[in-house]
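Chains as they are written, first to last, in this note's numbering: chain A, 1 to 291; chain B, 292 to 706.
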Amino acid sequence: MSSWFEKHLPKIVLAPSFIAIILFVYGFIAWTAWVSFTKSRLMPKYDIVGFIQYDRLFDSPRWDVAINNLFIFGFLFILISMFLGLIIAIFLDQKIRIEGALRTIYLYPMALSLIVTGTAWKWMLNPGLGLEAVIKNLGFNNFTFDWLINPDFAIYTVVIAGVWQASGFVMALFLAGLRSVDQEIIKAAQVDGVPTVKIYTAIIIPSMTPVFLSAFIVLAHLAIKSFDLVIALTGGGPGYATDLPATYMYTMAFSRGDIGQAASSAIIMMIVVFSVVVPYLYSELRNKNDQ
Amino acid sequence: MFKKLAVAAVATTFSLSASISYAGPKAEVLHWWTSGGEAKSVAVLQKEFSENGGTWTDMPVAGGGGDAAMTALRARVLSGNAPAAVQLKGPSIQEWYEEGALADISDVANKNNWSKVLPESIAGHMKCEGKWCAAPVNVHRIDWIWANASVLSSNGLSMPKTWEEFNATAKALQAKGIIPLAHGGQAWQDATVFEAVALGIGGANFFHDAFVKLDKKALQSDTMIKVFDQMRIMRGFVDKNFSGRDWNLATAMVMNGEAAFQIMGDWAKGEFLAAGKVPGKDFLCSSTPGEGFLYNVDSFAMFKVKGNERQEGQKLLAKLVVGKNFQKVFNLNKGSIPARTDVSLGEFDHCAHVSAADMNASSVGGTLLPSYAHGMALRGAQAGAITDTVTAHFNSNMSSKEAVAMLVKAIDNSK
């Protein structure tokens, strides 16, 4: 009896969370997929009618805007955050004196909620209150910086706030990566008289590929599910110029009583996430098998 | 022995259940009236309800203009335990009826003569397939234009009677460095201005065809193009920082003379009054240019509940909500006017008198119309499709023709 118990203890302990995940994650993914094939409006219905919700979704100009914004925001957000994070990490890695304090300062934005970030940037970017007003008061009357209220540029303000929030975190990832590079190789290169820039571009950065991958995955899923930042910063506006798939889904599900649309947009979002994460998982698992 | 015990046990259970089965009328009420004046107004109803022997269970769910409350409601209905009364309005009442969730309160309505004391088109919203299923609380008017009295008089201007006059007045103000139109760039505010313009330019029949019947001819008409043209002109009267501004901040701009006009429902009056401004003296109210009256009626929809005391409570609540006393006190607090037409308006202000007189006149003239922007005329998906187009046009350089084409497509897509 007791040996049976000992043998099965790990499974028994894991079972509740396993069941919970099966039900509440995968079960509800399946439920959402089902509902996305129905004509559900205010309440879920379960008669499958085909791809009607997806037709509506791809016909909707608002969804077009949301998907375009996702690509603009995702691309710039990931690229700039990684670039800034790497640069800051390399500068901090130069054995400077108050590195600890600087590191904390750069990492600190990550401790803020995105709602706080969004609200603070909303005030800073507001042409009548923030940056533009300050510089105009200094006497530069022609200065304009009205991206926040310009439908063509508003999405870039979301990028600015997102980068401000996330690049410190990326810096921490890269800093850890830089520190884990074998110092012997670097010393050998220095002895050979290789210039510092070359050491970074030819030795250190290539050896940090796994860190780049992790940073990319973390940033990519932040970008795809990003919701609170947009809500706080622009409220999806002007008009719906800064809608993202997540805010679109929220509007359909909770303001418009259009559960079918919300479900189909959620499924599309999930497909986008999978298309990023699955190749990563695949490469990770394959590497392990190789070893 | 065993038998005796069993009998005793059964008997005790019965007597216990009998003694707790009727504890007076009970009602659980789901609403999102949680801000100062609104909370006070609900407290009035709560007090009246308990004075009539009822037990009130309050279920306030704040946030998202009712979105959060609707989410809570969905969960409650799905679990088979709906609240007795829910703050709902417009076609969403009928939508819930179609889900089979609403109760029939016709006996209360008939006993209290609701069909005589309520305007016909408002009563229509309270009925589900001819049976009464909801009780109206108030009537908000949407097509109001509010103005700062001293800004107008010091510039020798008056309230505009037509949209041409409005444009001329606004240009004169702009030349003097005053923002003509205080506006907040949120989709629902864009839609509010849009429907006032549409009613003014197109008239009541056009409005009814386009935004109640979704008639394609009206939606594609030249009149609709003119409406979007006027919206483009209005865009020029708005200050630079309007994006995302809350409506009450826009009202404050009118109050302190920074801006001259605001087009907004009569909850804006509450802001003026709360700041100690006097209607007719500090600020002016009039309907937006053109005929008609756009209403936004808050109401309680009555959901199917189980148990005698709950059904009793629901009926008592329905009776009190449409009762004269509650209609008066609630609306004095909220800035709207009573839904029933036989409440004395002695204590109401000048703007409320205008509103009530216009409501009665337009009810007779057939120009009493539901507001589309505030969810009275259309279901969520269709109203949302129109609002998407309106706000996309207002916040870009889209031409009126493009906007009309987009509108027709969006409505098709939402059906």
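Ideal Cβ positions, reconstructed from N, Cα and C, are used throughout, including at glycine.
For a contact meaning CB atoms closer than 8 Å, what does residue i contact in chain A?
| i | result |
| --- | --- |
| B:Lys531 | Pro127, Gly128, Asp146, Ile149 |
| B:Arg365 | Leu42, Met43 |
| B:Gln477 | Gly235, Gly237 |
| B:Met697 | Pro61 |
| B:Asn686 | Pro151, Gly237, Pro238, Gly239, Ala241 |
| B:Glu390 | Leu42, Met43 |
Taking the continuous alpha helix (DSSP H) assigned at residue i, which residues delimit it?
| i | result |
| --- | --- |
| A:Val49 | First-last for A:Val49: undefined, no H or E at that position. |
| B:Gln605 | 599 to 613 |
| B:Trp323 | No alpha helix (DSSP H) contains B:Trp323, which DSSP labels as neither H nor E. |
| A:Phe212 | 209 to 224 |
| B:Phe498 | 478 to 502 |
| B:Val695 | 691 to 705 |
Apart from the five residues on each side of it in sequence, which residues of its chain come closer than 6 Å, Cβ to Cβ, to residue i?
| i | result |
| --- | --- |
| B:Lys606 | Val399 |
| B:Ala676 | Ala701, Ile702, Ser705 |
| B:Ala359 | Val352 |
| A:Arg286 | none |
| A:Gly168 | Tyr106, Leu107, Pro109, Met110 |
| B:Ser646 | Arg432, Ile628 |
What three-state label does DSSP hand residue i in the structure shown?
| i | result |
| --- | --- |
| A:Ala111 | helix |
| B:Asn458 | helix |
| A:Ile88 | helix |
| A:Val230 | helix |
| B:Pro570 | strand |
| B:Lys407 | helix |
| A:Leu148 | helix |
| B:Ile436 | strand |
| A:Phe153 | coil |
| A:His295 | Only positions 1 to 291 of chain A appear in the structure, and residue 295 of chain A is not among them; the question remains open. |
| B:Leu393 | strand |
| B:Thr362 | helix |
| B:Phe552 | strand |
| B:Ile677 | helix |
| A:Ser40 | coil |
| A:Leu281 | helix |
How would you write the range of the beta strand (DSSP E) that residue i sits in, first residue to last?
| i | result |
| --- | --- |
| B:Leu575 | 574 to 578 |
| B:Phe594 | Looking at the DSSP string, B:Phe594 is not in any beta strand (DSSP E), and its letter there is neither H nor E. |
| B:Asn547 | First-last for B:Asn547: undefined, no H or E at that position. |
| B:Asp349 | 346 to 351 |
| B:Tyr663 | Note, B:Tyr663: premise wrong, no beta strand (DSSP E); not H, not E. |
| B:Pro471 | 470 to 472 |
| A:Phe28 | A:Phe28 -> not in any beta strand (DSSP E); alpha helix (DSSP H) instead, spanning 28 to 35. |
If I measure Cβ to Cβ from residue i and keep anything under 7 Å in the same chain, skipping five residues before and after, which residues do I get?
| i | result |
| --- | --- |
| B:Gly315 | Gly344, Gly345, Thr346, Glu600 |
| B:Lys452 | Pro580 |
| A:Tyr240 | Arg62, Val65 |
| B:Thr514 | Ile492, Gly493, Phe497 |
| A:Ala253 | Ile259, Ala262 |
| A:Gly236 | Val230, Thr242, Asp243, Thr247 |
| B:Phe533 | His474, Gly475, Gly476 |
What in chain B is Cβ-close to residue i, meaning under 8 Å?
| i | result |
| --- | --- |
| A:Gly257 | Met361, Ser383, Glu386, Arg670, Gly671, Ala672 |
| A:Arg56 | Asn704, Ser705 |
I'd like the list of long-range same chain contacts for residue i, defined as Cβ closer than 8 Å, with 5 residues on each side in sequence excluded.
| i | result |
| --- | --- |
| A:Ile78 | Phe216, Leu219, Ala220, Ala223 |
| B:Val335 | Phe617, Val620, Phe621, Asn624 |
| B:Ala664 | Ile433, Trp479, Ala482, Thr483, Phe485, Glu486, Ala674, Thr678 |
Residues of chain A with a CB under 9 Å from the CB of residue i: which are they?
| i | result |
| --- | --- |
| B:Ala683 | Pro61, Arg62, Val65, Pro151, Gly239, Tyr240, Ala241 |
| B:Gln378 | Result: empty, since nearest Cβ-Cβ is about 15 Å, beyond 9 Å. |
| B:Gly527 | Going along chain A, no residue has its Cβ under 9 Å from B:Gly527, so there is no contact; the nearest lies around 15 Å. |
| B:Asp679 | Ser60, Pro61, Arg62, Gly239, Tyr240 |
How about residue i: is its Cβ closer than 7 Å to a heavy atom in the ligand GDP?
| i | result |
| --- | --- |
| B:Ala592 | The ligand GDP is absent from the structure shown, which contains no ligands of any kind. |
Check the Cβ of residue i against every Cβ in chain B and list those closer than 9 Å, keeping chain order.
| i | result |
| --- | --- |
| A:Phe254 | Gly355, Asp358, Ala359, Met361, Thr362 |
Run down chain A in chain order and give the residues with a C-beta less than 7 Å from the C-beta of residue i.
| i | result |
| --- | --- |
| B:Gly535 | Thr234, Gly235, Gly237 |
| B:Glu420 | Near B:Glu420 there are no residues of chain A at all, since even the closest Cβ is about 17 Å away, more than 7 Å. |
| B:Gly656 | None at all; the shortest Cβ gap to chain A is about 33 Å. |
Query raised in the report: On the three-pair Cβ rule with 8 Å, is the segment 593 to 606 of chain B touching the segment 437 to 447 of chain B?
Result: no
Query raised in the report: Counting Cβ pairs, one atom from each stretch, are 3 or more of them under 8 Å apart for the segment 422 to 430 of chain B and the segment 547 to 554 of chain B?
Result: The segment 422 to 430 of chain B vs the segment 547 to 554 of chain B: no contact.
Requested in this report: Would you check if there are 3 or more beta carbon pairs closer than 8 Å linking the segment 227 to 236 of chain A to the segment 154 to 161 of chain A?
Outcome: yes
Query raised in the report: Is the segment 180 to 192 of chain A touching the segment 127 to 135 of chain A in the sense that three or more CB pairs, one from each, lie closer than 8 Å?
Result: These segments do not touch.
Report task. Determine, using beta-carbon pairs with one atom in the segment 139 to 152 of chain A and one in the segment 74 to 94 of chain A, whether at least three such pairs fall under 8 Å. Result -> no
**Report entry** the segment 200 to 210 of chain A contacting the segment 176 to 185 of chain A, beta-carbon criterion three pairs below 8 Å
**Finding:** Yes, the segment 200 to 210 of chain A touches the segment 176 to 185 of chain A.
Query raised in the report: Can at least three beta-carbon pairs, one atom from the segment 513 to 533 of chain B and one from the segment 261 to 281 of chain A, be found at a separation below 8 Å?
Result: no
Query raised in the report: Does the segment 646 to 658 of chain B touch the segment 452 to 462 of chain B, meaning 3 or more C-beta pairs lie closer than 8 Å?
Result: Verdict: no, contact absent.
Query - Any 3 or more C-beta pairs closer than 8 Å across the segment 631 to 645 of chain B and the segment 367 to 387 of chain B - result: no
Query raised in the report: How about the segment 462 to 471 of chain B and the segment 557 to 574 of chain B: do they share at least three Cβ pairs that are nearer than 8 Å?
Result: no
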